[in-house]
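In mature numbering (1 follows the signal peptide of the UniProt record, and there is no 0), the protein residues as written are -18 to -1, 1 to 227.
Backbone N, C-alpha and C fix where the C-beta goes; we use that ideal spot for every residue, glycine too.
Everything numeric in this text was worked out from a predicted model, so none of it was measured.
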């Protein structure tokens, strides 16, 4: 019993961070049944995130099969460790010590991040970096202040800055934060960048629960069985109690 209490207390800070207080979160509106989106998200993850963040509870082969990626293409384009096999877990080579020294803390595994944080949190977070020369990597984040992570997608988005609007409050001008705006130096425009982030979030949601679609599909069959069983039970009850009524 004591062990379970300790585990629950250890998880409470994560749930608190996932909630994010009163922070407004943008809706990701992703769709894990969209295989093309999942493939795009996997590509982005492996090229921009996997250098630091592993998904060590997944296997390359399972991801390739679920996402409809031929195994030879998976090995050629998404497995960067020459010694890794297609059936291996998706771990990277960065050590905990090196990550802690470089970023101030070890880079967390992202297999279950969508279940801990939620897709909307991740989607908003990846679109909330802004230039901040006072920070070690020159960026900060509206969702996660004083973040120790660099803006790894900056080459796609460009240099992001905070945008403010001035409004009158009790006769005084007050600057109010309204969003993030890129300087246009990235490879993608705003809509394209949002789509790339949405695909990445889609992949992370899939990673957190690869059987979600199968679970939902089986759920309909279970509900159908319950309905049929209920009808049969009702008819049987009427048959048994026919003489009484």
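{"query": "Which residues does DSSP list as the beta-bridge partners of residue 12?", "result": "For residue 12, which the question treats as bridged, DSSP gives no partner whatsoever."}
{"query": "Take the Cβ of residue 208 as the centre, count every other Cβ of all protein chains shown within 10 Å, and call the residue buried at 16 or more, exposed below.", "result": "exposed"}
{"query": "Please classify residue 171: does DSSP put it in a helix, a strand, or coil?", "result": "coil"}
{"query": "Does the segment 77 to 95 come close enough to the segment 54 to 65 that 3 or more CB-CB pairs lie under 8 Å?", "result": "no"}
{"query": "Can you give the Cα-Cα distance for residue 144 and residue 201, rounded to whole angstroms?", "result": "44 Å"}
{"query": "Just reading off the alpha helix (DSSP H) that residue 196 is part of, what are its end residues?", "result": "194 to 222"}
{"query": "Is the Cβ-Cβ distance between residue 76 and residue 33 less than 8 Å?", "result": "yes"}
{"query": "Check whether the segment 180 to 196 touches the segment 8 to 17, taking contact to mean three or more Cβ pairs, one atom from each stretch, closer than 8 Å.", "result": "yes"}
{"query": "Using the C-alpha atoms, what's the distance from residue 72 back to residue 35?", "result": "10 Å"}
{"query": "At which residue ranges does the segment 14 to 57 contain complete beta strand (DSSP E) runs of 3 or more residues, listed in the order of the chain?", "result": "37 to 41"}
{"query": "Hey, out of 29, 131, 159, 170, whose CA is closest to residue 119's CA?", "result": "131"}
{"query": "Please classify residue 19: is it buried, with 16 or more other beta-carbons within 10 angstroms of its beta-carbon, or exposed?", "result": "buried"}
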